[in-house]
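Undergrad:
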Amino acid sequence: MSNVANEPIPKRARGAFVKKGTGNVKIEEYDVVQPKDLKPGEALVKVLYSGVCHTDLHAAKGDWPLESKDNLCGGHEGAGIVVAIAEHSNTDLKIGDNVGIKWLADACMHCEFCRQGLESLCPESKLSGFTVDGSFQQYAVSYVNHLSRIPDGMRLDDAAPVLCAGVTVYKALKQSNTRAGQWVCVPGAGGGLGHLCVQYANLMGLRVIAVDTGDAKKQLCKDLGAEVWIDFKEEKDIVSAIKNATGDGFGPHASIVTSASPSGYEQALDYIRPGGTVVAVGLPAGAFVKSEVFFHVLKERKLVGSYVGNRQDAHEALELANLKTGKVKCHYVTKPLDDLPSIYEDMAAGRMAGRTVLKLF
Ligand code: NAD
Ligand code: ZN
Ligand code: ZN
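Next up, the structure:
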C-alpha cells in the first residue's frame, strides 16, 4: 500500500495522444476524470510506468481493419496505483493497491466467451489504448473487472511489460501443444514479446530456437537461455536452418510467431515438425499465412491464433515474473513520456532489443 490515498487528484495531467490513423503522437495536457464522475465498475489509476508494445504503433498508424477511438491515448502495459473507485463497484480492490492496465480493459463477464474465461473473444470488450484511452497518461480510467493485481514486492516498472508482452506469450505457449523437452521456435525473439517468450518457454522446459536479427538481440537471446540463434537477415535458407537446429532435421514442435512484419510468418508452416503447431501472435498489417493444403493435411500441421490472455493467465504470468520467484525478467530501458515519438521510430526500424518502459512521473 502506498500513501497515495492522501494525495489530491489533479484536474489536469499529461498524456500522449494520436489523431486517428496519422501516426503523429502529441504529448498534451488533458482533463483528469474526477472520482465523482467515475461510473460503476470504473477506477482511476495513477499510472507510474507503461510499457510500449508494437501494438501501440500499429494502432497509431491505423494498420488494422478494426475501428479505434479518435484522439487516442495509447498504451496497455500500465502499472500504477488505484487512486479512486466508483461507488457501487463490485470489487475487492482498494485505494492504494498496485494494479496493471492490460489490452483487455473490460469485458461483459456474462456472454458465452466470458463465462468460459475467453474474455478476449467477448463481443463487448473494451481495449485499452484502442477503443478506450490507455496507459500513456498519468491518470487513466480503467475497469475493476480486468485490472490485474501486481504481486506484493514486485516493482511496477518490472511488472509493466508483463501486462501485455508477458501475458500474451505465456498464453501462446499454453496454446502450443508442447511439453517439456520439446523444441519451440520464436521468430521475433529479440523483441518485447519474443524475449519474454524465450524465458517462459525455458521455464516450461522447452528448448528454444531464437530467430531475429543483429548482435544486440543475439546476445540478449543467448543470455536468456535460447539454445540456438538464427539471424533472419543473414541466413539464406531459413527453413533448412530451423529444421536442422533440432538435430534430427524434423524442425521444432511449435513456433510462436511474434514478428511484427509479415516475413516472420512466411515459412513458419514449412519448417514446423510434422504434427507441430504454429501459434500466430504478431499482427503485421495485411499479412497472410499460406500453407499448401496437401502437405498441411499429410503432415497434420496446426495453425492457431492466440490473442492476449485472460485474467488467470495475467495472474500466472505476473507471479512468474515477480522477482521474488526470479524466473522471468523483462529486459527494458526506461524513458520519459516525451520520448514516445522516437521510441516508435526505433521500434519501426527494429532497433529495440527487449522493451521500452515509459516513466510517467
Ligand atoms: P517488437 O518490435 O518489440 O518485436 C518484433 C521483433 O520481430 C523485432 O525484434 C524484429 O526484429 C523481429 N522481426 C521482424 N521480422 C522478422 C522476421 N522475418 N523473422 C524473425 N523476427 C523478425 O514488437 P512486440 O511489441 O514484441 O510485438 C510483436 C507483434 O505482436 C506486434 O505485431 C504486436 O502487435 C503483436 N502483439 C500481438 C498480441 C496478441 O495478443 N496476439 C499481443 C501483443 C502484441
Ligand atoms: Zn463477454
Ligand atoms: Zn501489447
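Going by my numbering, the first residue of the sequence shown is number 8, and it counts up by one from there. Beta carbons: idealized from backbone N, C-alpha and C, even for Gly. As the structure is a prediction and not an experimental result, all values here were calculated from the model.
1. Can you tell me where the beta strand (DSSP E) holding K309 begins and where it ends?
2. Quick one: does the C-beta of W110 sit closer than 7 Å to a heavy atom of ligand 3?
3. Check this for me: beta carbons of Y56 and L203, under 8 Å apart or not?
4. Taking Cβ to Cβ, would you say A360 is nearer than 8 Å to G197?
5. Considering only residues of the same chain and omitting the five flanking positions on each side of V39, which have a CB-CB separation below 7 Å?
6. Return helix, strand or coil for N13, following the three-state DSSP convention.
7. Buried or exposed: E352, going by 16 or more other Cβ atoms within 10 Å of its Cβ?
8. Give me the Cα-Cα distance between E35 and V139, rounded to the nearest whole angstrom.
9. Once the 5 residues before and after D104 are set aside, which same chain residues still bring their CB inside 6 Å of it?
10. Would you mind reading off the limits of the beta strand (DSSP E) that contains G107?
11. From this set, V246, I249 and G293, which residue's C-alpha is nearest A267's C-alpha?
12. Looking at ligand 1, does it come within less than 7 Å of A267, judged from the CB to the closest heavy atom?
13. Could you name each continuous alpha helix (DSSP H) segment of 4 residues or more that falls completely within the region 107-138, going from the start of the chain to the end?
14. So which of V174, Y150, G22 and N13 has the shortest CA-CA distance to E326?
15. Near V364, which residues of its chain fall below 6 Å by C-beta distance, leaving aside the five closest residues on each side in sequence?
16. Can you find a heavy atom of ligand 4 that lies under 7 Å from the Cβ of H83?
17. Does the beta carbon of T363 fall short of 7 Å from some heavy atom of ligand 3?
18. For a test of your reading of the model: does the CB of V288 fall under 7 Å from any non-hydrogen atom of ligand 1? Yes or no.
19. Given that a residue counts as buried once 16 or more other Cβ atoms are within 10 Å of its Cβ, and exposed if not, what is T29?
TA: So, to answer that:
1. Translated into positions along the sequence shown, residue 309 becomes position 302. First-last of the beta strand (DSSP E) with K309: K309 to G312.
2. Position 103 of the sequence shown, counted from the start, is the residue given in the question as residue 110. Yes - ligand 3 has a heavy atom lying nearer than 7 Å to the Cβ of W110.
3. Position 49 of the sequence shown, counted from the first residue, corresponds to residue 56. Position 196 of the sequence shown, counted from the first residue, corresponds to residue 203. No, these two residues do not count as a Cβ contact at 8 Å.
4. The residue labelled residue 360 in the question sits at position 353 within the sequence shown. The residue labelled residue 197 in the question sits at position 190 within the sequence shown. Yes. Within cutoff.
5. Mapped onto the sequence shown, residue 39 falls at position 32. These residues qualify, in order along the chain: I16, P17, K18, R19, A20 and Y146.
6. In the sequence shown, the residue the question calls residue 13 occupies position 6. If DSSP states are grouped into helix, strand and coil, N13 belongs with the helices.
7. Taking the first residue of the sequence shown as position 1, residue 352 is located at position 345. It counts as exposed.
8. As a working mapping, residue 35 is identified with position 28 in the sequence shown. As a working mapping, residue 139 is identified with position 132 in the sequence shown. Distance between the alpha carbons of E35 and V139 is about 17 Å.
9. Within the sequence shown, residue 104 is the residue found at index 97, counting from 1. These residues qualify, in order along the chain: V89.
10. For the purposes of this step, residue 107 is identified with residue 100 of the sequence shown, where counting begins at 1. N105 to I108 is the span of the beta strand (DSSP E), which, as asked, contains G107.
11. Position 260 of the sequence shown, counting from 1, holds the residue named residue 267. It is G293.
12. In the sequence shown, counting from the first residue as 1, residue 267 sits at position 260. Checking every heavy atom of ligand 1 against the Cβ of A267, one is found closer than 7 Å.
13. 119-122
14. One-based indexing of the sequence shown puts residue 326 at position 319. Taking only the C-alpha atoms, the option nearest E326 is V174.
15. As a working mapping, residue 364 is identified with position 357 in the sequence shown. Cβ within range, chain order: Y56, G58, D164, A167, Y339 and T341.
16. Absence of ligand 4 is noted for the structure shown, with ligand 1, ligand 2 and ligand 3 being the only ligands found.
17. Locating residue 363 in the sequence shown gives position 356, where the first residue counts as 1. No.
18. Residue numbering aside, residue 288 sits at position 281 when the sequence shown is read from its first letter. Yes - ligand 1 has a heavy atom lying nearer than 7 Å to the Cβ of V288.
19. To locate residue 29, count along the sequence shown from 1; it is residue 22. With fewer than 16 other Cβ atoms within 10 Å, it is exposed.
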